[in-house]
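Structure (structure tokens):
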């Protein structure tokens, strides 16, 4: 650092010294010398001019001499002049040259200026263009902004609407929920009310029944107090003679006289108990009342059902094949129908069947027998294409219903006892009105009808084509069809008509729940085979057993609840069993066979 | 700004002027009285180159037969035309009243003292030989020999026509040196004394000491002409003039050679007695 400053100092010293020197030696004299020299030139010129004038003045006088002198002088003058002229010319040419150069420079500069002007113009033109572009772009920009704004507004509107809809929706949801709650509440309340109603009804019914029972008991008690004529030879034979009269089982008094004797044959307990058993209370010993389907209404429920174990009475029922057998509603009478064109009536007394009489009129074999609900009439279908009705009190033929064009295989009273439905080999079912005794309706079933059962609204028919057809009585049309695995040979309903028992040629019995139309139970057995297309099977009165006869002559009894074979009763029949009937009392089971035999069974 | 200062120094050196009054020798035969002729002479040039006007001026008043080779004289001392004008002035008239009065002679050429100079080409030859001599000292003549003939011509023309840029365009090459050397090989210088038989002192002298210190003007004088220096306590007896100024003794010699040399690349140093009045 110090060195540099030292550098600077000697350098500066030299620089200053030089400047000082120039000031002293040059600047002070420059101007003066110039001026002096110019003056010198001028004076030289003056001298030259003066000389010339003097020469001219003395020119004439001096002649040659002077002229030589003058000449030399003028020579020198001329020389000086010419020198000066040369000098001036030189300066002039120099100045001209300089002027030329300057003019050239001026031209060049002008050109440059013009070029710059052109550039400026073109730039301005471009700027104008750009400005226009900018203006148009601004316009576009504005338009776009406007459209954007519009879209935003539309979007906002949609959003608002959506929000509103959301609110509405949630409000409606809430409303729905509330309504559902209300509905549920109402339904439960209604159900409760209904339950109450039902309970009340039940209670009333119970009360009513109890009242009736009480009355009955009282009546019976009264009746029992009456003295009865006791005759020793009052036996079945006597009954057989006046069977026509005594068969009316509508009065409760008669069974009382009978049962008074045969207490040993009767179920255990007193007189009143037996009466009660027939008409009222349900003994839960053998009947299973656990499932709702088998709940029996107080009226029509049967008493004690006994599974048969022994053949009480084996007897020849007909001359020839016995096709059908049925107990009367009161269980007193047994009716059998055979190929000998007769319906034979038997009184069931003390474990024996006493012949009471025969119903004639049919021109061909009897295929099925049905009693009306009171037991006053007997309906028999026949192979002579007709069905016949006899009155039970006088055994007289009342009606013959003709119209079928084939064997009538089954005929039933409808529950109102005013109409009859018959099914025939001619593939039709006919509905008959008993008052007018005409066929009201004929429906074409499509297949030969083997058996028929009726409920209040429905007629069910089992057919050759394995189908069970359900007919609505009012609508007179098929409601349903159910197909089994074999030709349907038999149909039976349980006491409350909630279950349908079918038997088909595949040797299987089935119970169908009529409410759900589902097969509840299937029964089969090792040796069980249907002997014919008209092999009839039956429920027990309480619906807890089913019984059917086999082709080998054995009676099979199955337990409905378990579905298992309860009993096999063989070595009694000698040929195929055609039909089985269970007494409404539950006490007896009757079976008839191909070989004209009939057997009464019970469990003692 | 040192660079700018250096350039300024170069310019100041080049454009240095001495106001001179040329008076015709009274003994010359004239037809009429000759007025004195004033001229600002360039320090760095030579008398024959710049005195055409002077000759012309005085020839006006003289007869041709009376005119021989022109020569100049100051206070009886014939002025050697091969010295730079500045050197002549500093040596003979540095502390005199300006303008420098030079007497012009056209007769009695002093052959003992002066060289004849019939034309400018002689001056050119002398000038170029000085340059070559200087370069021999500085660069072993490598730079000047690398130059072409036109470059040499450019140097002379630049000087003759007083064209600083034209001259220095070429001269700067002669002022370059390899940076590792720190300077020229030897410094071309001449020390002139007034009262001496010797015309000048010229010896070999390096710009950098063996221990890489830069030599100064003082170092040179101590070596070459110690009497020129003033010892402590003594009164100053001599002035050491270069281009009419007294550089400080601590000025680096290398720098002086680069910037204060004459166009002939020599550093001309005049040692004159301090004026006594």
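Protein chains in written order, with this note's numbering: chain A, 9 to 612; chain B, 101 to 377.
Here a beta-carbon is modelled for each residue, glycine too, at the ideal position from N, C-alpha and C.
Just so you know, these numbers come straight off a predicted model, no measurement behind them.
Here residue 345(A) is not near residue 327(A), since their CB atoms are 9 Å or more apart. Ranking 238(B), 303(B), 258(B), 309(B) by CA distance to the CA of residue 278(B) puts 238(B) first.
Three or more Cβ pairs closer than 8 Å define a contact, and the segment 122-137 of chain B falls short of that threshold against the segment 188-197 of chain B. Put simply, the CB of residue 67(A) is far from chain B, with every gap to its CB atoms at 9 Å or more.
Under a criterion of Cβ atoms nearer than 9 Å, the residues of chain B adjacent to residue 21(A) are, in order, 345, 346, 347, 348, 351.
When CB distances to chain B are screened at a threshold of 9 Å, not a single residue of the segment 137-158 of chain A falls below it. For residue 362(B), same chain residues with a beta-carbon under 7 Å away, outside a window of 5 residues either side, are 144, 184, 368 in chain order. Comparing alpha carbon positions, the residue from 584(A), 585(A), 570(A), 551(A) closest to residue 593(A) is 551(A). Along the length of the segment 199-279 of chain B, whole beta strand (DSSP E) runs at least 3 residues long occupy 200-205, reported in chain order.
Three or more Cβ pairs closer than 8 Å define a contact, and the segment 199-208 of chain B meets that threshold against the segment 155-173 of chain B. Check the Cα spacing between residue 235(B) and each of 354(B), 262(B), 274(B): the tightest is with 274(B). Interface residue (Cβ-Cβ distance to chain A less than 9 Å): residue 322(B) is not classified as such. If you keep only unbroken alpha helix (DSSP H) runs of at least 4 residues inside the segment 301-330 of chain B, you get 317-324. Our two residues, residue 363(A) and residue 357(A), have alpha carbons roughly 10 Å apart in a direct line. Residue 178(B) is bridged by DSSP to 173(B). Close to residue 118(B), with beta-carbon spacing below 7 Å, are these residues of chain A in chain order: 33.
Taking residue 228(B) as reference, the option from 364(B), 371(B), 373(B) with the minimal CA-CA separation is 364(B). When CB distances to chain A are screened at a threshold of 7 Å, the residues of the segment 119-140 of chain B falling below it are 119, 135, 138, 139, 140, in chain order. One thing to note: residue 414(A) has its Cβ within 9 Å of the Cβ of residue 393(A). For residue 427(A), the three-state secondary structure derived from DSSP is strand.
DSSP places residue 293(B) in the uninterrupted beta strand (DSSP E) bounded by 289-293.
Beta-bridge annotation (DSSP): residue 355(A) is paired with 341(A), 362(A).
Rounded to whole angstroms, the separation of the alpha carbons of residue 474(A) and residue 451(A) is 18 Å.
For residue 565(A), the enclosing beta strand (DSSP E) begins and ends at 563-567. Counted as a single uninterrupted DSSP element, the beta strand (DSSP E) harbouring residue 373(B) occupies residues 367-373.
For residue 323(A), the pairing in a beta bridge is given by DSSP as 606(A). Per DSSP, residue 126(B) has no beta-bridge partner at all.
When the Cα atoms are used, residue 423(A) and residue 314(A) turn out to be separated by approximately 27 Å. When the Cα atoms are used, residue 320(A) and residue 609(A) turn out to be separated by approximately 5 Å. The beta carbon of residue 38(A) falls within 9 Å of a beta carbon belonging to chain B, placing the residue at that interface. Using a Cβ-Cβ distance cut-off of 8 Å, the segment 396-407 of chain A and the segment 486-494 of chain A are not in contact, since fewer than three pairs of beta carbons, one from each stretch, lie closer than that value.
Closer than 8 Å at the C-beta level to chain A, one finds these residues of the segment 164-198 of chain B: 198. For residue 393(A), the secondary structure class from DSSP, reduced to helix, strand or coil, is coil. Straight-line measurement puts the Cα of residue 331(B) at about 20 Å from the Cα of residue 352(B). At a cut-off of 9 Å between beta-carbon atoms, residue 25(A) makes contact with chain B.
Beta bridge pairing from DSSP links residue 421(A) with 428(A).
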